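Heads up: the sequence shown runs through residues 562 to 843, numbered per our numbering.
Ideal Cβ positions, reconstructed from N, Cα and C, are used throughout, including at glycine.
All values derive from a computational prediction rather than experimental measurement.
First comes the structure, then the notes that go with it.
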Amino acid sequence: MRVVFHGVRGSVPAPGPSTVRYGGNTSCVEVRLADGALIVLDAGTGIRGLGGALLRERFAGPVNLMLSHTHWDHVLGLPFFGPLWLKQTHLVVHPLASDAQERFQRTIFDDIHFPVSAADIPARIEFARPESDSWRVGSATVRRIALNHPGASQGFRIDDDDGSSFAYLTDNELTAPAKIVTTLDELARFTEGVGLLVHDSQYVHGDMPAKRGWGHSVIDEVLELGAKALPGTLALFHHDPDRSDSDLDAIGDRSREWMQSRSARVEVIVAHEGLALEPRAR
Ligand SMILES: [Zn+2]
Ligand SMILES: [Zn+2]
C-alpha cells in the first residue's frame, strides 16, 4: 500500500509564503492498494493536483472516493478533479457519513455554485451501497466508524491483503463537549496496530476553550490516542489554516518529545503536501 498526501490543511485553503512547505490545500489523500486499486479519501482542493497526476498517468481503473463528510473543505476540489470530465472515468462514491448524499450532489453541481449541473458530468458515477460497515475495495477490506463532528463525520480503516494497514480519522473532536459518538478508547481499538494513523490535529491548548465544540482535536489528545493505538506512524493532519510552517515544525518536535516521554514506539510526523508513505505491515 502506498499513501500520498495531496492536501493536509483544515477548514479553508491557506496558500502563501508562510505555508509553502506543509502546503495550503485542503484534505485529500490518495491510497494505492497492493493490487493497484485506487482509493481517494476526501475531495478537498488537494484533489485537483491528484486529478492532473491521474490524467498524466492515464489511470484507467475505478476511482473509489470516500468522503469523511461533506463540509466545504472536503468537497471543494471535486468540480476541479480532471478525470470527472472524461466519459471513460468510473467514479465510485462510497457511503457518506449522513443522509447528505443527495443534498451534496444538488448543492455543488446546482448551476449556482458551479456552472455545470450534476446531470451533465461526463464520468460514470456510481454510488456504492455496501450492506454493512465493512466492505471490500480491490485487495483491501475497508471499515468505517462514526466520528465526533458537527453534522456527522466518519473515519476509515483500510487493511490491505499484503498486510499493510491505514486509518484515516479526520474531522473528529476526541473530547467533544456534546454527546460523544465514539470514545477515544473505541477509536484506539478501531485503529489498533495500524501501520499508519492519520488524525485531525487542528488545535493546540491555546485555542481552547474558544474552539471547544468546533469538531476538531487538540494535539495532545491525538498523541494520547496514538499512545493507546500504537500505530507504526502517527501523522498529524488537517492543520489549522493559521498555522505557519514554523508553527508546524515546533508542533512536530514537541509531539515527538511527548511520545518519547511515554516510551511509546510510535513515529510521529506532521503530514505535508506531497508526502508519500508505505505503511508497514504489523
Ligand atoms: Zn475539515
Ligand atoms: Zn468538518
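### Query
Would you call the region 734-742 and the region 628-638 in contact, with 3 or more CB pairs under 8 Å?
no
### Message
Please classify Ile673 as buried or exposed, where buried requires at least 16 neighbouring CB atoms within 10 angstroms.
### Response
exposed
### Heavy atoms of ligand 1 versus C-beta positions, residues under 5 Å
Gly571, Asp634 and Asp732
### Query
When DSSP builds the beta bridges, which residues end up paired with Phe717?
Arg705 and Tyr729
### Query
What does Asn625 pair with, by DSSP beta-bridge criteria?
Ile600 and Val653
### Message
Please identify the residue among Ser588, Phe642, Leu652 and Gly568 whose C-alpha is closest to the C-alpha of Ala598.
### Response
Leu652
### Query
Just reading off the beta strand (DSSP E) that Ala796 is part of, what are its end residues?
Thr794 to Phe798
### Message
Quick check on this structure: which residue in Ser726, His710 and Pro711 has the alpha carbon closest to the alpha carbon of Phe717?
### Response
Ser726
### Query
Can you pull the DSSP bridge partners for Thr587?
Arg570
### Query
Taking the continuous alpha helix (DSSP H) assigned at Leu758, which residues delimit it?
Taken as a continuous stretch (DSSP letters only), Leu758 belongs to no alpha helix (DSSP H), being part of the beta strand (DSSP E) at Leu757 to Asp761.
### Query
Going by C-alpha distance, which of Leu602, Arg705 and Asp810 is nearest Thr587?
Leu602
### Cα-Cα separation between Cys589 and Ser824, rounded to whole angstroms
31 Å
### Task
Say yes only if the C-beta of Ser778 is nearer than 8 Å to one or more non-hydrogen atoms of ligand 2, and no if none qualify.
no
### Query
Given that a residue counts as buried once 16 or more other Cβ atoms are within 10 Å of its Cβ, and exposed if not, what is Ser695?
exposed
### Task
Can you say whether Val654 is buried or exposed, counting buried as having 16 or more other CB atoms within 10 angstroms of its CB?
buried
### Query
At a cut-off of 8 Å, is His710 close to ligand 2 when judged by its beta-carbon and the heavy atoms of the ligand?
yes
### Task
Give a single yes or no on whether His760 has its beta carbon closer than 8 Å to a heavy atom of ligand 2.
no
### Query
How about Pro656 and Arg705: do their beta carbons lie closer than 9 Å?
yes
### Query
Which residues in the same chain as Thr580 place their Cβ atom closer than 7 Å to its Cβ, once the five residues preceding and following it in sequence are excluded?
Ser805 and Asp806
### Cβ pair Val829, Trp819 closer than 9 Å
yes
### Query
From Phe566, Lys772, Leu647 and Asp596, pick the residue whose C-alpha is nearest to that of Gly585; which is it?
Phe566
### Query
Any heavy atom of ligand 2 within a distance shorter than 8 Å of the CB on Ser659?
no
### Query
Is any heavy atom in ligand 2 found nearer than 8 Å to the beta carbon of His630?
yes
### Message
Is Ser714 close to ligand 2? I mean its beta-carbon at under 8 Å from any heavy atom of the ligand.
### Response
yes
### Query
Is it right to say Leu748 is buried, meaning 16 or more other beta carbons lie within 10 angstroms of its own, or is it exposed?
buried
### Query
CB Gly776 to CB Arg841, shorter than 9 Å?
no
#### Entry: Inter-residue Cα distance where the pair is Leu809 and Ser816
10 Å
### Message
Using only the alpha-carbon positions, how far apart do Pro711 and Asp814 sit?
### Response
30 Å
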